[in-house]
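Undergrad: So for the sequence shown, the numbering used here puts the first residue at 170; every next one is plus one. Virtual Cβ for every residue (Gly too), placed ideally from N, Cα, C.
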Amino acid sequence: MTQQNDDKPDRKHDESRRAFLVGAALGAAAGIVPEAQAQTHDAHATTGAAPHAMASPEGHGAFFNDDDAATVQAFAERLWPAAPGRAGAAEIGVLNYIDLALAGAYADQQDFYRRGLAQLDGYCRATHQKAFVQLDGAQQDDVIRALEQNKASGFAWPSAPLFFNTLRTHVMEGLFADPVYGGNKNFEGWRQINFPGGQPFYSAQDMQSRAAFTRAPIVGIQARANGTVKGG
């Protein structure tokens, strides 16, 4: 009984963290594409080149090595886990988004990630004698919580909370930015929060309704650029 009571605040904290992600997603999905990513897309639109998001079908390889890719994917999946009938961060393509961003618009954060991931690995091995990806879900959650609360030892730069907050932000972008940037595969992130994308019009009935907008198709940047509507 004592153990259950001790765990209760942690469970509430984890629920609050996911609620934050959901709430932020609902407010930000329409404009979550970072400015640097948007500039990259504008350059492609001007030159006619294919968007850089198409470059990594395996989900990584633009920047991450296999070990770092596995760590980022496992971390993202703990923040946005899969559930029956609902894709998690891995299936939605968050790793691909972050990998491509670090090879392009976020190239100035490559050293940040290298150092952050190395410090994360050191902390996990010192605390659990295993790499992050080898820990079970509960242990991974403990590590993430320690980062968030600045209780993880061995972090200099980036600090543990800074690394957590940056990675969480990039996970959100991978979940809810337009699919043209490499994440939000098949609009799944938008589907989970009932976000319709850039619809060309809304009917009078749509405008008066208080219910979530669910009418197909979902419209993204690629469809608008091509003058077509896809993703329904």
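So is Pro327 buried or exposed if we call it buried at 16+ other beta carbons inside 10 Å?
TA: Within the sequence shown, the letter at position 158 stands for residue 327. Buried, by the Cβ-count rule.
Undergrad: Which same chain residues end up closer than 6 Å to Pro250 when comparing Cβ atoms and leaving out the 5 residues on each side of it in sequence?
TA: In the sequence shown, the residue the question calls residue 250 occupies position 81. Answer for Pro250: Gly257, listed in chain order.
Undergrad: What are the boundary residues of the alpha helix (DSSP H) that includes Gly343?
TA: Here residue 343 refers to the residue found at position 174 of the sequence shown. Counting along the chain, the alpha helix (DSSP H) containing Gly343 begins and ends at 329-345.
Undergrad: Just to confirm, are Phe324 and Gln288 a CB contact at a threshold of 8 Å?
TA: Working through the sequence shown from its first residue, we reach residue 324 at position 155. Working through the sequence shown from its first residue, we reach residue 288 at position 119. Yes, Cβ-Cβ distance for Phe324 and Gln288 is below 8 Å.
Undergrad: Name the one or two DSSP bridge partners that Arg255 has.
TA: Taking the first residue of the sequence shown as 1, we reach residue 255 at position 86. In DSSP, Arg255 forms a bridge with Ala252.
Undergrad: May I ask which residues mark the beginning and end of the alpha helix (DSSP H) holding Asn265?
TA: Stepping through the sequence shown from its first residue, residue 265 is reached at position 96. Looking at the DSSP string, the run of the alpha helix (DSSP H) that includes Asn265 is 263-272.
Undergrad: Between Asn319 and the rest of its own chain, which residues show a CB-CB distance below 6 Å, the 5 nearest in sequence each way excluded?
TA: Locating residue 319 in the sequence shown gives position 150, counting from the first residue. Correct list, in chain order: Ala329, Pro330.
Undergrad: Decide if the segment 264-282 is in contact with the segment 338-358; the criterion is three or more beta carbon pairs, one per stretch, under 8 Å apart.
TA: Yes, the segment 264-282 is in contact with the segment 338-358.
Undergrad: May I have the straight-line CA-CA distance separating Asp310 from Ala238, to the nearest angstrom?
TA: Residue mapping note: residue 310 aligns to position 141 of the sequence shown, counting from 1. Residue mapping note: residue 238 aligns to position 69 of the sequence shown, counting from 1. So the two alpha carbons sit approximately 18 Å from each other.
Undergrad: Taking a contact to mean a Cβ-Cβ separation below 8 Å, would you say Gly389 touches Gly366 in this structure?
TA: By 1-based counting over the sequence shown, the position of residue 389 is 220. By 1-based counting over the sequence shown, the position of residue 366 is 197. Yes, the Cβ-Cβ distance between Gly389 and Gly366 is below 8 Å.
Undergrad: With distances taken between CB atoms, is the gap from Phe247 to Gln361 smaller than 8 Å?
TA: In the sequence shown, the residue the question calls residue 247 occupies position 78. In the sequence shown, the residue the question calls residue 361 occupies position 192. According to the sequence displayed, residue 247 carries Arg and not Phe. The answer is no: Cβ separation not under 8 Å.
Undergrad: Does the beta-carbon of Thr338 have 16 or more other beta-carbons within 10 angstroms, so that it is buried, or is it exposed?
TA: Working through the sequence shown from its first residue, we reach residue 338 at position 169. The residue is exposed, with fewer than 16 neighbouring Cβ atoms inside 10 Å.
Undergrad: Please classify Ala346 as buried or exposed, where buried requires at least 16 neighbouring CB atoms within 10 angstroms.
TA: For this step, residue 346 is matched to residue 177 along the sequence shown. When all chains shown are included, Ala346 counts as buried.
Undergrad: Would you identify the three-state DSSP class for Gly230, choosing helix, strand or coil?
TA: On the sequence shown, position 61 is the one that residue 230 refers to. Gly230: coil per DSSP, three-state reduction.
Undergrad: Keeping to the same chain, check which residues put their C-beta closer than 6 Å to that of Phe332; ignore five residues upstream and five downstream.
TA: Here the question's residue 332 lines up with position 163 in the sequence shown. Counting only Cβ-Cβ distances below 6 Å, and skipping sequence neighbours, we find Gly285.
Undergrad: Which one of Ala252, Ala231, Gln242 has the shortest CA to CA distance from Ala274?
TA: Here residue 274 refers to the residue found at position 105 of the sequence shown. Considering only alpha carbons, the answer is Ala231.
Undergrad: Can you name, in chain order, every residue of its own chain whose Cβ lies under 8 Å from the Cβ of Arg294, other than the five neighbours on each side?
TA: As a working note, residue 294 is residue 125 in the sequence shown. The answer, listed in chain order, is Ala300.
Undergrad: If you draw a straight line from the C-alpha of Ala315 to the C-alpha of Thr296, how long is it?
TA: As a working mapping, residue 315 is identified with position 146 in the sequence shown. As a working mapping, residue 296 is identified with position 127 in the sequence shown. About 11 Å.
Undergrad: Measure from the alpha carbon of Val241 to the alpha carbon of each residue in Val340, Ala321, Gly291, Ala252, then state which is nearest.
TA: Along the sequence shown, read from residue 1 onward, the residue named residue 241 stands at position 72. Val241 has its Cα closest to that of Val340, out of Val340, Ala321, Gly291, Ala252.
Undergrad: Quick check on this structure: which residue in Gln374, Pro348, Ser372 has the alpha carbon closest to the alpha carbon of Gly262?
TA: Residue 262 sits at position 93 when you count from the first residue of the sequence shown. For the residues Gln374, Pro348, Ser372, the minimum Cα distance to Gly262 belongs to Pro348.
Undergrad: Helix, strand or coil, according to DSSP, for Gly306 in the structure here?
TA: The count along the sequence shown starts at 1 and reaches residue 306 at position 137. DSSP places Gly306 in helix when its eight states are reduced to three.
Undergrad: When you compare each of Tyr292, Ser322, Phe244 to Gly306 by their alpha carbons, which one comes out closest?
TA: Position 137 of the sequence shown, counting from 1, holds the residue named residue 306. Answer by Cα proximity: Phe244.
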